[in-house]
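Count the sequence shown with numbering that gives the first Met the number 0 and you get residues 0 to 299, in order. Every residue gets a Cβ at the ideal spot worked out from N, C-alpha and C, and that includes glycine. A short worksheet on the structure shown next.
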Amino acid sequence: MNIVVTGGTGFVGRQLTDHLVKQGHHVYILTRSPEKHSDTESITYVGWLHESYNPVESLPYIHAIVNLAGESLNSGRWTDEKKQAILDSRVQATEGVIDLIDKMQDKPNVLVNASAVGFYGRSKTKTFTEETTKAGRDFLANVVEEWEERAEAAKEYDVRTVFVRFGIILGEEGALPKMIIPYKMMIGGNLGSGEQWMSWIHVDDVVGLIDFSIHHEDVNGPLNGTAPNPKRNKDFGRILSTVLNRPHWIPAPSFALKLALGEMSTLLLDGQSVIPKKAIEHGYNFRYPELRPALASILK
Numbered sequence: 000m001n002i003v004v005t006g007g008t009g010f011v012g013r014q015l016t017d018h019l020v021k022q023g024h025h026v027y028i029l030t031r032s033p034e035k036h037s038d039t040e041s042i043t044y045v046g047w048l049h050e051s052y053n054p055v056e057s058l059p060y061i062h063a064i065v066n067l068a069g070e071s072l073n074s075g076r077w078t079d080e081k082k083q084a085i086l087d088s089r090v091q092a093t094e095g096v097i098d099l100i101d102k103m104q105d106k107p108n109v110l111v112n113a114s115a116v117g118f119y120g121r122s123k124t125k126t127f128t129e130e131t132t133k134a135g136r137d138f139l140a141n142v143v144e145e146w147e148e149r150a151e152a153a154k155e156y157d158v159r160t161v162f163v164r165f166g167i168i169l170g171e172e173g174a175l176p177k178m179i180i181p182y183k184m185m186i187g188g189n190l191g192s193g194e195q196w197m198s199w200i201h202v203d204d205v206v207g208l209i210d211f212s213i214h215h216e217d218v219n220g221p222l223n224g225t226a227p228n229p230k231r232n233k234d235f236g237r238i239l240s241t242v243l244n245r246p247h248w249i250p251a252p253s254f255a256l257k258l259a260l261g262e263m264s265t266l267l268l269d270g271q272s273v274i275p276k277k278a279i280e281h282g283y284n285f286r287y288p289e290l291r292p293a294l295a296s297i298l299k
């Protein structure tokens with residue numbers, strides 16, 4: 000298959016590209032700076048999102064598009080400018096994908112669009128599945144709702160569309176390296192009350208669910224990209240401390256995190272319990288359904 004990937008040079012994008020190439024597919028990575036990369040036998044870098052580039056002319060027939068592009072949520076305080084960049088990067092990239100589909104004479108079979116569990120808002124008591132159709136009312140929920148709304152335009156071209164709502168992605172990059180710093184300094188503990196839910200997923204299952212979405216024509220719409228067993232922060236931390244053989248004992252007070260991080264502290268202090276009901280019902284076999292083996296595979 001010929002598969003287009005946006006955000007292909009990022010943490011998840013590189014893992015996905017390696018997987019797809021090993022499966023025998025050709026990956027076309029859309030990037031604003033194709034000159035910074037060298038093509039290989041199975042990977043082609045194609046310029047886009049600039050008036051000097053016309054990606055349609057550089058692409059053969061494309062079977063699937065995977066859109067992973069977007070500004071990182073945890074790369075700095077959420078100033079007004081940062082929040083606008085978080086929204087704009089997702090909307091503009093997705094609109095760019097829809098524009099690409101519009102210009103293709105032969106449309107792809109499927110668009111797999113990254114999304115986030117932030118859609119559901121924050122709760123310490125509720126459990127969410129794909130059957131939850133009402134978005135939350137905070138900043139992240141608003142971003143996700145607008146993000147998915149843009150991607151949904153692919154359906155107008157009879158392109159099957161899947162929104163994979165990812166939780167906290169665990170891997171050698173991303174959130175986990177920052178999580179382990181306090182434990183390595185022997186000061187790990189609960190964040191705030193420790194009661195907030197952490198809906199997590201191993202990066203191998205991120206790649207697996209994207210691949211699953213590409214190949215299973217009966218998968219449509221929202222698909223929760225989380226492991227089947229979310230953990231409260233206090234339990235996540237205890238398991239992490241055990242894997243690292245470090246103590247879990249000094250809590251980080253909510254007020255201190257809010258003072259240090261501002262609104263971005265919601266990523267640490269708030270959460271939601273999200274179950275991948277649709278993936279389970281459609282037969283996806285999680286490689287890492289439990290947290291301890293997932294962490295051990297990365298940290299040991």
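| Query | Result |
| --- | --- |
| Quick one: measure Cβ to Cβ for I64 and P33, integer angstroms, because I've assumed they're closer than 8 Å. | The pair is not a contact, with the Cβ atoms about 17 Å apart (cut-off 8 Å). |
| Are T30 and T8 closer than 8 Å when you measure CB to CB? | yes |
| With C-beta atoms as the reference, is L99 less than 8 Å away from V158? | no |
| Measuring alpha carbon to alpha carbon, tell me which of Y27, I42, T43 and S296 ends up nearest E171. | S296 |
| Secondary structure at F127, three-state DSSP: helix, strand or coil? | strand |
| For M178, list the residues DSSP reports as bridge partners. | Its beta-bridge partners do not exist; DSSP assigns none. |
| Using a Cβ-Cβ cut-off of 8 Å (strictly less than) and excluding sequence neighbours within five positions of H288, which residues of its own chain qualify? | Note that residue 288 is Pro in the sequence shown here, rather than His. Same-chain partners within the cutoff: A226, P227 and N228. |
| Return helix, strand or coil for A226, following the three-state DSSP convention. | coil |
| What does the alpha-carbon distance come out to for the pair K299 and E155? | 47 Å |
| Note the first and the last residue of the continuous alpha helix (DSSP H) segment covering V143. | F138 to A150 |
| Alpha carbon to alpha carbon, how far is Q104 from P59? | 11 Å |
| Just to confirm the assignment, what range does the beta strand (DSSP E) spanning N112 have? | V109 to A115 |
| Could you name the residues that DSSP lists as bridge partners for A63? | I2 and V109 |
| Three-state secondary structure (DSSP) at R304? | Absent from the model: residue 304. The displayed extent of the chain is 0 to 299, so no value can be given. |
| Would you mind giving the Cβ-Cβ distance between L222 and V163, rounded to the nearest angstrom? I have them listed as a contact below 8 Å. | 5 Å |
| Is the beta carbon of H18 closer than 8 Å to that of M0? | no |
| Output the distance between the C-alpha atoms of A84 and D38, rounded to the nearest integer angstrom. | 29 Å |
| Quick one: what's got a C-beta closer than 6 Å to R89's C-beta in the same chain, skipping five residues either side? | G69 and W146 |
| Short check: CB of V116 to CB of V273, under 8 Å? | yes |
| For M197, which of helix, strand or coil comes out of DSSP? | strand |
| I need the DSSP call for F302, collapsed to helix, strand or coil. | Any question about residue 302 goes unanswered here, given that the chain covers just 0 to 299. |
| Taking 8 Å as the CB-CB limit, is V11 close to chain B? | Protein chains in the displayed structure number just one, and chain B is not present. |
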